[in-house]
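Notes follow the structure.
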DNA sequence: TTGAAAGCGCTAACAT
DNA sequence: ATGTTAGCGCTTTCAA
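Residue numbers (my numbering), protein chains in the order written: chain A, 1 to 333; chain B, 1 to 333.
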């Protein structure tokens, strides 16, 4: 900047004014500055400027996801980027791999880079470690799961409603023996989906068979095994509600392994690529990760504009996508 | 930092030494500093420190992808993150949407934040705009596609070899009428895959039918239409080599629409989720995006350690994954 | 409309 | 082993 000023024959402050598009610089000087900047291929240093700038904004935010290469997370990522880009804000992103210790390290790494805000998919059972950042005025928004121990903005899918919808859809198809395959029970969203399933069953007055409710299924392999166990039951289910993506895939593999994919109805929670190309095509309750990301990003910026905003809990609706697997009628064992 | 120094009763420099784990601070003082830092929830400001620090490193890099929510790109992203994390480096990522103007804007946005290096999936037909950054000493590595107009490190899949492998696999299965569905011809990787196809056909001494070579197919819909046209030919192909992911999916949709998915062989370039669950399961030449990202990140850091390194061209091998669709024998029209 | 001086939070270089 | 001073590239404040 000093070099540019010298070359343009003006003071350093005038260069600063031109670069920041401040008013009150004569056209002649502005042109000279622009020319000098071009000749020296001058690139302003945002990090230096932000050191003194009012509000000390760095025009960057941090985004913590389970993993950047997980399709659900990646869609959130893209939506956040799109909102941030409109504001000239860059986004740091990182993967926690669902590890609370990683989560904390990454928050520290981003904080030390003075991000203006943080969007976090919380993994831990406790986010009280965030209190110092919050007191320092850093806005934090949680996505996909609610925060624990602190009252923060968060945006979540309507998990109970989605699970009720999925279950009710199967009930409406005439099923009564509907199995539930749930993720680790300590995960808040898994618990909400479980509740939704229970509510729908209760509302329909269908008695619950505990043998059909399997929790703590957490990946493809365990879902496959759980489904095989269900199918081997004396009175197997005629329909399955798989509460999560990987569980849905594992269930499909198991049904195919037994050649039952056209006999046993299946509704999955969360949509996935090519679900429509499978045979049968898979009926799902789709989440809207794009909307989740968009809402979270909007919220960060709203809070940046007005730090006094009360914490808001945003719920994003789900949508039943009928494709075939969920419409298979009850079939005698 | 000043506050911490005051509270600990030491000089600001001593705090700096403790925070940066420099040697030569007595245990007593170090403890006092740590205590004071904790009491004030002091978070060091990396951006301020980097202003003066030797080498002016910001411990951040920029990553430009076609889109962060594209699975191929997301896998590269994760691999880059993993390498960067080991070095305590944070990554800014952004999506170009294949737009050269976005690419340039994002490079400027990241440069003004003084990233230590840039990993770019180039979209434009010319990357000479990077010359000032390169002269300023910013390492740049290209991924997935070679740079144009500048000689830079880059890491690419072995496209010609992968395309030859796919084509030869079909030839070995007895096919002679093998169609080629190619992406936009001006994309360098598309051209390389086209070449690989031509080479394999020539090596096998199979005459080329121009009616079977369709280029400038660039999405699912156009691939679907192209395939329908191929199937309507007086002498349709008995096998198809789809040179890219979306093209493969479009081709599958077309084959199914005509009920020909078990008659016409198909090999796709690039693997995709659930390819093994389709019927028939899809044979592909898989790329290794994780390895591409890892190699690119390693390269950035190697160059950061030694800026004098000559530009290196790294090729990542592909792998034929046999699943069924590519092993369908030639079928009379 | 323009500029000079101070200082953001930190580290380098050089004392002591 | 510890401290002092200068200054990174910029913006702020205030003066001209």
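Backbone N, C-alpha and C fix where the C-beta goes; we use that ideal spot for every residue, glycine too.
These figures come from a predicted structure and were not determined experimentally.
Cβ-Cβ separation, residue 19 of chain A to residue 44 of chain A (assumed contact under 8 Å), whole Å: About 5 Å separates the Cβ atoms of residue 44 of chain A and residue 19 of chain A, confirming a contact at the 8 Å cut-off.
Quick one, which of B:251, B:10, B:330 has its alpha-carbon nearest residue 176 of chain B's? Of the candidates B:251, B:10, B:330, the one whose C-alpha sits nearest the C-alpha of residue 176 of chain B is B:330.
Who are residue 315 of chain A's beta bridge partners in DSSP? Beta-bridge pairing links residue 315 of chain A to A:156.
Kindly confirm or deny that the region 283-291 of chain B and the region 257-273 of chain B touch, where touching means at least three C-beta pairs closer than 8 Å. In short, these stretches touch, since the Cβ pair count reaches three.
Is residue 18 of chain A helix, strand or coil by DSSP? Residue 18 of chain A falls in the helix class under three-state DSSP.
Excluding sequence positions up to five away, which residues of its chain have a Cβ less than 8 Å from the Cβ of residue 99 of chain B? Excluding positions up to five away in sequence, the list reads 123.
Can the beta-carbon of residue 90 of chain B be found less than 8 Å from the beta-carbon of residue 229 of chain A? Cβ distance not < 8 Å, so residue 90 of chain B and residue 229 of chain A don't count as in contact.
Any beta-carbon of chain B closer than 8 Å to the one on residue 77 of chain A? Yes, its Cβ sits closer than 8 Å to a Cβ of chain B.
Give me the Cβ distance between residue 76 of chain A and residue 115 of chain A, rounded to the nearest whole Å; I'm assuming they're in contact under 8 Å. Wrong, their Cβ atoms sit about 17 Å apart, outside the cutoff.
Which bits of chain A does residue 50 of chain B rub up against, with CB to CB less than 9 Å? Within 9 Å Cβ-Cβ: 47.
Would a check of beta-carbon distances place residue 14 of chain B closer than 8 Å to chain A? No - not a single Cβ of chain A is within 8 Å of the one on residue 14 of chain B.
The alpha helix (DSSP H) that contains residue 47 of chain B, what's its start and end? Note, residue 47 of chain B: alpha helix (DSSP H), 46-52.
Take residue 141 of chain B and list the residues in its own chain whose beta-carbon comes closer than 6 Å to its own, dropping the five residues that flank it on each side. The beta carbon of residue 141 of chain B sits closer than 6 Å to the beta carbons of 119, 153, 296, 299, 300 from its chain, once the five residues preceding and following it are set aside; these are given in chain order.
With the cut-off set at 8 Å, would you say residue 178 of chain B and residue 132 of chain B are in Cβ contact? Taking 8 Å as the Cβ cut-off, residue 178 of chain B and residue 132 of chain B do not qualify as a contacting pair.
Can you check whether the CB of residue 185 of chain A is closer than 8 Å to the CB of residue 215 of chain A? The answer is yes: Cβ separation under 8 Å.
Between the C-alpha atoms of residue 194 of chain B and residue 243 of chain B, what's the straight-line distance to the nearest angstrom? Here the alpha carbon of residue 194 of chain B sits roughly 8 Å from the alpha carbon of residue 243 of chain B.
CB contact flag (residue 144 of chain A, residue 292 of chain A, <8 Å): It is a contact, given that the beta carbons lie within the stated cut-off.
Counting C-beta neighbours from all protein chains within 10 Å, is the total for residue 125 of chain B 16 or more, i.e. buried, or is it exposed? With fewer than 16 other Cβ atoms within 10 Å, it is exposed.
Please report the residue range of the beta strand (DSSP E) in which residue 180 of chain B lies. Annotation: the continuous beta strand (DSSP E) that includes residue 180 of chain B extends over 178-181.
Short CB-CB distance (under 8 Å) between residue 127 of chain A and chain B: No - not a single Cβ of chain B is within 8 Å of the one on residue 127 of chain A.
For residue 31 of chain B, which of B:252, B:47, B:9 has the nearest alpha-carbon? Selected option, being the one with the closest Cα: B:9.
Specify the secondary structure class of residue 290 of chain A as computed by DSSP and reduced to three states. Three-state DSSP puts residue 290 of chain A in a helix.
Taking Cβ positions, are residue 198 of chain B and residue 315 of chain B nearer each other than 8 Å? No, they are not a contact pair.
Run through the region 240-297 of chain B for me and flag every whole alpha helix (DSSP H) of 4 or more residues, listed as ranges in chain order. Taking only runs of at least 4 residues, the alpha helix (DSSP H) segments lying wholly in the region 240-297 of chain B are 245-257.
Which value, in whole angstroms, describes the spacing of the CA atoms of residue 4 of chain B and residue 39 of chain B? Residue 4 of chain B and residue 39 of chain B have their C-alpha atoms roughly 9 Å apart.
Pull up the DSSP beta-bridge partners for residue 90 of chain A, would you. In the DSSP assignment, residue 90 of chain A is bridged to A:60.
Cβ-based burial, residue 165 of chain A [other Cβ within 10 Å; buried from 16]: So residue 165 of chain A ends up on the buried side.
Do you know offhand how far residue 213 of chain A's Cα is from residue 272 of chain B's? Going from the Cα of residue 213 of chain A to the Cα of residue 272 of chain B covers about 32 Å.
For residue 79 of chain A, count neighbouring Cβ atoms within 10 angstroms of its own Cβ and tell me buried if that reaches 16, exposed if not. Label assigned to residue 79 of chain A: buried.
I'd like the span of the alpha helix (DSSP H) that includes residue 174 of chain A, first residue to last. Here residue 174 of chain A belongs to no alpha helix (DSSP H), and DSSP marks it neither H nor E.
For residue 328 of chain B, does the three-state DSSP call read helix, strand or coil? Residue state, collapsed to three classes: coil.
Three-state class that DSSP yields for residue 213 of chain B in the structure shown: If DSSP states are grouped into helix, strand and coil, residue 213 of chain B belongs with the strands.
At a CB distance below 8 Å, what residues from the region 90-123 of chain B approach chain A? Give them in sequence order. Legend: CB atoms of the region 90-123 of chain B lying less than 8 Å from CB atoms of chain A belong to residues 90, 91, 92, 93, 94, 95, 108, 109, 110, 111, 112, 113, 114.
Under a Cβ-count criterion, where at least 16 other Cβ atoms within 10 Å of its own Cβ denotes burial, should residue 223 of chain A be classed as buried or exposed? Per the 10 Å Cβ criterion, buried.
From the DSSP secondary-structure annotation, give me the bridge partner or partners of residue 117 of chain A. Per the DSSP secondary-structure output, residue 117 of chain A pairs in a beta bridge with A:61.
According to DSSP, is residue 322 of chain A helix, strand or coil? Residue 322 of chain A falls in the coil class under three-state DSSP.
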